Amino acid sequence: MCVWLPEWPLQRIRIVQPEHKHRPTVLYAEASRKGHRIVACCQAALRCGITPGMPLAEAQGLTGTSRTQQAEPLFCEHNPEEDRAALNRLAGWCQRYSPAVGTEGEDCLLLDVTGCAHLWGGEQQLSREFHRAVGQWGLTAGTACADTIGAAWAIARSGESRETVVPPGQQAAVLRSLPVRALRLPAAAAGKLEELAIRRIAQLQQLPRASLSSRFGPEVARRLDQALGALPEQIEPVRLAEPVEVSLEFEYSTGDRGALEAALTQLVEQAVGQLSTSRQGVQQLEICLVHAEQQNTQLTVGTLRPSPSEAHLMELVRTRLERTELTEEVAGLHVTITAAAPLESRQHQLFDTVEHSHTDQEFARLIDRLSSRLGRQQVVRTELIPDAQPEFAVRWVPALDSHTAHRPSRQNRPTQQIQQPPFALPITGPVTWPAAARPLRLPAEPEPVGVTSLMPDGPPIRFRYGDRMQTVGRWWGPERIETGWWRERPIRRDYYRVETHSGQRFWLFRHVTQGSWFLHGEFE
Amino acid sequence: MVVSPSECAKPDAARTGPASPLPPILSSFRFLDSEKELTQTGKVCTHGQHGQTIITRTIYLFAPMPSPDNAQTIRDLARQIRRLERTTQPATPADRVLSTGIPPLDGLLPDRGFPPGTLVEWLSASPGCGAGTLAFTAAARLLRNDRALVVVDPDRSFHPPALPHLLQPFRPSLPEQTSLLERMVIVHPETERDALWALEQSLRCPAVAVTVCWLDHLRSQVCRRLQLAVETGGGIGMLLRSGECRVDPSWADFRLLVEPLASMSSSSSAFLSAAGSLSADSTWSSRQLRLELLHCRGRLSGGAVELEIDDATGHVRLASRMAPAADSYRAAGA
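Here's what the structure looks like:
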């Protein structure tokens, strides 16, 4: 059975971002030196006048001026690697229908349903069930069941009907009326056939068989034979990545860190070696130190970017191991790669700055090292929260989690129309203050201070800081910060920015209900 | 009293060799207060002249020095200072020097900026005087080529919303410029050891443009390690320390002391105006501080500027020592 997913990149975007389902979708990619060009667009975008091959700026201009359509088109960057990965994942899902699922081209899946169809009540039922299942996600597909891969592919893509089942041995008859490009021919051969006005497969079959190879190349004859079943063809099944796990049992327990490290180095090397065949890098590594009696010790090491280097991973493991107390001797080791991702491959350009990618890599390594030794939670990025209470105005996000946040985009991305990438930090609410509104150092807990004030609700005149009395020269405020009763600890504070006679600045507040004063930070 | 020039120049000439292209060593050194008893702890100032510039050096005495010959002792000390100050450091080419974006600070530095791979110490004479604000203002400008800012904060009290223009792109004309927030990584080490380790790692990393760290206790060997690390990494290390560390020996390439300056407006007028009117324009003012270059490694240095930081915009400029117009306006009872 062949499954054809028309306009797969567009369909994928619509599934990944369901909130934009009803907007016209346009994909663009960087064409060498000419800026960005449109590579694919959906029907709705075509109606706006956008065509593939058009420069991006022109397409944006078109949508900017036309007021007719209600939805603004969604512009996304074309990402063939991601498309490919998604297709492979879908192939993995399709293993419920067939043990051997392969991919063909960029938008087709091949399922070997020989001996499987009766489980679903026949090929017709199997196709129907498949359409029902993928239809739930909003996917459109064309399927065809035939004796040969070539025939199924040709019929599925012909687009005549959504699901076709060709009875056994009938493919030759169905194929005759199909155009020659349904044979998966190389572009050169297809062009030559087009010049000779050979459009249908039937016409091709009438040509003398012996001359086919010499006139159009060997591929034509081979594809024709494959479609008709004269030549065998096999599906190359997609294998989903299996978790990589290696382990080692010691002959006798050891507490020697040198020996442990040497053994770990071997194991990590093995594990990374297994991954490298599929061009993947490690994102998370779990190490289990097996103890004879006590509970096993688990160590987890994460990386910011997928790493293919065992030396780098070992460095991280070593820093973790150094800080782990071994309560008992170790009887064995397990190394599991719990998360892996394909290595990013990027073609270098002639005038590319080598320094740039190098810097990026170095930075990722620094974050890995810091996080593995100090802990994930200690190496953070800042996320601003629109919260009035200063203690809660910042949230710390582990730097390892915000994997792509520090990927400086080098392309000139059009800013407005493109939807915010999912890794962008949310920028909501009033988070910009004038420069001096918040202190640079804000302790987690405000410190009670003794303050002299003229009036009960008035500004501070004098306060005690450390062992010295400070006299207030200038002050600004009060800034009332109050939170709702539904908070666990609601606050009601009057903040004053004060400058002492000597020119130091502090942030003081008065607890409005209790009248007591606190020092909450220095404008350092 | 005046020390003869030949006596001053001799040890240096022997060290550096005749072919060295150095500016002439201080032609003369004059000691003030040299007749004073050196049996007390305190400081002795020595003045020297280098071209037109008068350079002042201060010798601190931490123990009484019961020497019969004060002049000889001071002369020895002055010689030691000069040895440390030999101008052996070649000037950094102007295109490699990184401007801090604060023109008065640039003017204070011998190369008009920080050369890459330097350690800068910001000493704040008293808490809340504005050293951190200055350091981060400079740090934001020193970020270049998509490199990162790492903040090592052992106290966990760093509050990023205090930084102005946190979310704005550096150069708004280019959309690919990321904001300071996206480029900042904060490290919260739990122990002092971890803090030093994280600091060294970050300084050593070429992908980090600026590392800022609050650090008070620093042994000389550790400081040297940090200085070597930052040389390897090629970024700028900024240590924010309290003014008490001023007497500690340091390997930092630049030591800057920040002192608060009392504002010019009198307290009563400020009090009255602030209490009298809480209108929007009375909310923002500016603060003044004094920035002194205490030391610059391998260079003759010195000098101080008075700066003013605008509260509303975070802009740093030279202070005008006149009362701000708004204040006098308010003092007049308006």
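If you read the sequences in order, they're chains A and B. Per our numbering, residue 1 is the first one in the first sequence, and the count goes up by one each step. Per our numbering, residue 1001 is the first one in the second sequence, and the count goes up by one each step. Using N, Cα and C, we set each Cβ at its ideal position, and we do this for glycine too. The structure displayed is predicted, hence computed values, not measured ones.
**Item:** Contact list for E524 (chain A) against chain B, beta-carbon separation under 8 Å
**Value:** Translated into positions along the first sequence, residue 524 (chain A) becomes position 524. In chain order: S1124, P1127, G1128, C1129, G1130, A1131, G1132, T1133, L1240.
**Asked** When burial is assigned at 16 or more other CB atoms within 10 Å of the CB, is T1211 (chain B) buried or exposed?
**Response** Counting from 1 along the second sequence, the entry for residue 1211 (chain B) is found at position 211. It counts as buried.
**Asked** According to DSSP, is P18 (chain A) helix, strand or coil?
**Response** The residue labelled residue 18 (chain A) in the question sits at position 18 within the first sequence. Helix, per DSSP.
**Asked** In or out: W485 (chain A) buried (at least 16 other Cβ within 10 Å) or exposed?
**Response** As a position in the first sequence, residue 485 (chain A) is number 485, starting the count at 1. Exposed, by the Cβ-count rule.
**Item:** Beta-bridge pairing of G332 (chain A) - partner residues as DSSP gives them
**Value:** The residue you call residue 332 (chain A) lines up with position 332 of the first sequence. According to DSSP, which records beta bridges pairwise, G332 (chain A) is partnered with A:E249, A:V290.
**Asked** Which one of B:P1154, B:T1073, B:V1097, B:P1116 has the shortest CA to CA distance from G1233 (chain B)?
**Response** Counting from one through the second sequence, the residue named residue 1233 (chain B) turns up at place 233. Taking only the C-alpha atoms, the option nearest G1233 (chain B) is B:P1116.
**Segment contact, 8 Å Cβ cut-off, at least three pairs: the stretch 1104-1111 of chain B with the stretch 476-494 of chain A** = no
**Backbone CA spacing between W1122 (chain B) and L1218 (chain B) [nearest angstrom]** = Locating residue 1122 (chain B) in the second sequence gives position 122, where the first residue counts as 1. Locating residue 1218 (chain B) in the second sequence gives position 218, where the first residue counts as 1. In a straight line, the C-alpha of W1122 (chain B) is about 14 Å away from that of L1218 (chain B).
**Request:** Note down the Cα distance separating Q171 (chain A) from I201 (chain A), rounded to an integer number of angstroms.
**Result:** On the first sequence, residue 171 (chain A) is found 171 positions in, with the first residue counted as 1. On the first sequence, residue 201 (chain A) is found 201 positions in, with the first residue counted as 1. C-alpha separation (whole angstroms): 12 Å.
**Prompt:** Hey, how far is the Cα of R1183 (chain B) from the Cα of A399 (chain A)?
**Reply:** Taking the first residue of the second sequence as position 1, residue 1183 (chain B) is located at position 183. Taking the first residue of the first sequence as position 1, residue 399 (chain A) is located at position 399. Cα to Cα, the separation comes out at about 11 Å.
**Message:** Our contact map puts R441 (chain A) next to S1157 (chain B) with C-beta atoms below 8 Å; I'd like the distance itself, whole angstroms only.
**Reply:** Here residue 441 (chain A) corresponds to residue number 441 of the first sequence, with the count starting at 1. Here residue 1157 (chain B) corresponds to residue number 157 of the second sequence, with the count starting at 1. Yes, they are in contact, since the Cβ atoms of R441 (chain A) and S1157 (chain B) sit about 5 Å apart, within 8 Å.
**Request:** Please report the Cβ distance between P189 (chain A) and S158 (chain A), rounded to the nearest whole angstrom; I am assuming they are in contact, meaning their Cβ atoms lie under 8 Å.
**Result:** Stepping through the first sequence from its first residue, residue 189 (chain A) is reached at position 189. Stepping through the first sequence from its first residue, residue 158 (chain A) is reached at position 158. Looking at the sequence shown, residue 189 (chain A) is not Pro but Ala. Incorrect: roughly 19 Å between the Cβ atoms, too far for contact.
**Where Q170 (chain A) falls: helix, strand or coil (DSSP)** = Translated into positions along the first sequence, residue 170 (chain A) becomes position 170. The answer is coil: DSSP assigns Q170 (chain A) none of H, G, I, E or B.
**Request:** Any chance you could list the beta strand (DSSP E) runs of at least 3 consecutive residues sitting entirely within the stretch 198-281 of chain A, in chain order?
**Result:** 244-254
**Asked** In three-state terms, what does DSSP make of Q284 (chain A)?
**Response** Within the first sequence, numbered from 1, the residue matching residue 284 (chain A) stands at position 284. Of the three classes helix, strand and coil, the one that applies to Q284 (chain A) here is strand, per DSSP.
**Request:** Tell me whether H137 (chain A) sits in a helix, a strand or coil according to DSSP, three-state version.
**Result:** In the first sequence, counting from the first residue as 1, residue 137 (chain A) sits at position 137. What sits at residue 137 (chain A) in the sequence shown is Trp, not His. In the structure shown, W137 (chain A) sits in coil (DSSP, three-state: anything other than H, G, I, E or B).
**Asked** Considering only C-alpha positions, which residue in the set B:W1214, B:S1126, B:G1237, B:P1206 is nearest to W1251 (chain B)?
**Response** Position 251 of the second sequence holds residue 1251 (chain B). Checked all of B:W1214, B:S1126, B:G1237, B:P1206; the closest Cα to W1251 (chain B) is B:G1237.
**Item:** Nonlocal neighbours in the same chain, by C-beta distance under 6 Å from W396 (chain A), ignoring five residues either side
**Value:** If you number the first sequence from 1, residue 396 (chain A) lands on position 396. V380, listed in sequence order.
**Prompt:** Would you say V1305 (chain B) reaches chain A, if we count a Cβ-Cβ gap shorter than 9 Å as a contact?
**Reply:** Position 305 of the second sequence, counting from 1, holds the residue named residue 1305 (chain B). Not one chain A Cβ lies under 9 Å of V1305 (chain B).
**Message:** With H, G and I counted as helix, E and B as strand and the rest as coil, what does DSSP make of G1130 (chain B)?
**Reply:** Mapped onto the second sequence, residue 1130 (chain B) falls at position 130. Three-state result, G1130 (chain B): coil.
**Message:** If the criterion is Cβ atoms closer than 9 Å, does the pair E482 (chain A) and R492 (chain A) meet it?
**Reply:** For the purposes of this step, residue 482 (chain A) is identified with residue 482 of the first sequence, where counting begins at 1. For the purposes of this step, residue 492 (chain A) is identified with residue 492 of the first sequence, where counting begins at 1. Yes; because the gap between Cβ atoms is below 9 Å, this pair is in contact.
**Prompt:** Hey, is P1221 (chain B)'s beta-carbon within less than 9 Å of any beta-carbon in chain A?
**Reply:** Taking the first residue of the second sequence as 1, we reach residue 1221 (chain B) at position 221. What sits at residue 1221 (chain B) in the sequence shown is Gln, not Pro. No, no contact with chain A.
**Request:** Please look up how many angstroms separate the CB atoms of V3 (chain A) and L111 (chain A), rounded, as I've assumed it's under 8 Å.
**Result:** The residue labelled residue 3 (chain A) in the question sits at position 3 within the first sequence. The residue labelled residue 111 (chain A) in the question sits at position 111 within the first sequence. That pair is a contact at about 7 Å.
**Request:** State the CB to CB distance for the pair M1 (chain A) and T143 (chain A), rounded to an integer number of angstroms; the pair is presumed to be in contact (CB under 8 Å).
**Result:** Here residue 1 (chain A) corresponds to residue number 1 of the first sequence, with the count starting at 1. Here residue 143 (chain A) corresponds to residue number 143 of the first sequence, with the count starting at 1. So it is a contact: roughly 6 Å between Cβ atoms.
**Request:** Output, in chain order, the set of chain A residues within a Cβ distance shorter than 8 Å of A1262 (chain B).
**Result:** Residue 1262 (chain B) sits at position 262 when you count from the first residue of the second sequence. By Cβ distance, chain A contributes G473, H501, S502, G503.
**Asked** Grouping DSSP H, G and I as helix and E and B as strand, with all else coil, what is H131 (chain A)?
**Response** Locating residue 131 (chain A) in the first sequence gives position 131, counting from the first residue. Of the three classes helix, strand and coil, the one that applies to H131 (chain A) here is helix, per DSSP.
**Request:** Return the residues of the stretch 360-386 of chain A that lie within a Cβ-Cβ distance of less than 9 Å from chain B, sorted by chain order.
**Result:** D360, Q361, E362, F363, A364, R365, L366, I367, R369, L370, R373, L374, G375, Q377, Q378, V379, V380, R381, T382, E383, L384
**Request:** Locate the beta strand (DSSP E) running through A312 (chain A), then write down its first and last residues.
**Result:** Taking the first residue of the first sequence as 1, we reach residue 312 (chain A) at position 312. This sequence places His at residue 312 (chain A); Ala is not what is there. Where H312 (chain A) is concerned, there is no enclosing beta strand (DSSP E), although the alpha helix (DSSP H) it sits in stretches over 310-322.
**Message:** In the DSSP assignment, the beta strand (DSSP E) including V481 (chain A) goes from what residue to what residue?
**Reply:** For the purposes of this step, residue 481 (chain A) is taken as the residue at position 481 of the first sequence. Here residue 481 (chain A) turns out to be Ile, not Val, going by the sequence shown. Element bounds for I481 (chain A): 468-482.
**Request:** Kindly list the residues whose CB is nearer than 8 Å to the CB of L10 (chain A), restricted to its own chain and excluding five residues on each side of it in sequence; keep chain order.
**Result:** The residue given as residue 10 (chain A) occupies position 10 in the first sequence. These residues qualify, in order along the chain: T25, L27, A40, C41, C42.
**Message:** Our contact map puts C1213 (chain B) next to L1239 (chain B) with C-beta atoms below 8 Å; I'd like the distance itself, whole angstroms only.
**Reply:** Locating residue 1213 (chain B) in the second sequence gives position 213, counting from the first residue. Locating residue 1239 (chain B) in the second sequence gives position 239, counting from the first residue. About 6 Å; that satisfies the 8 Å criterion.
**Asked** Among A:A29, A:P73, A:H36, A:G35, which has the Cα closest to the Cα of G49 (chain A)?
**Response** Your numbering for residue 49 (chain A) matches position 49 in the first sequence. Cα-wise, what sits closest to G49 (chain A) is A:P73.
**Prompt:** Does the stretch 298-312 of chain A come close enough to the stretch 357-364 of chain A that 3 or more CB-CB pairs lie under 8 Å?
**Reply:** yes
**Request:** Please check if any C-beta of chain B sits within less than 9 Å of the C-beta of H511 (chain A).
**Result:** Numbered from 1 along the first sequence, position 511 holds the residue referred to as residue 511 (chain A). No - not a single Cβ of chain B is within 9 Å of the one on H511 (chain A).
**Request:** Might you give, ordered along the chain, the residues of its own chain that have their beta carbon closer than 8 Å to the beta carbon of E293 (chain A), omitting 5 neighbours on each side?
**Result:** Within the first sequence, numbered from 1, the residue matching residue 293 (chain A) stands at position 293. Counting only Cβ-Cβ distances below 8 Å, and skipping sequence neighbours, we find E328.
**Message:** With a threshold of 8 Å, are at least 3 pairs of Cβ atoms found where one atom belongs to the stretch 228-244 of chain A and the other to the stretch 286-300 of chain A?
**Reply:** no
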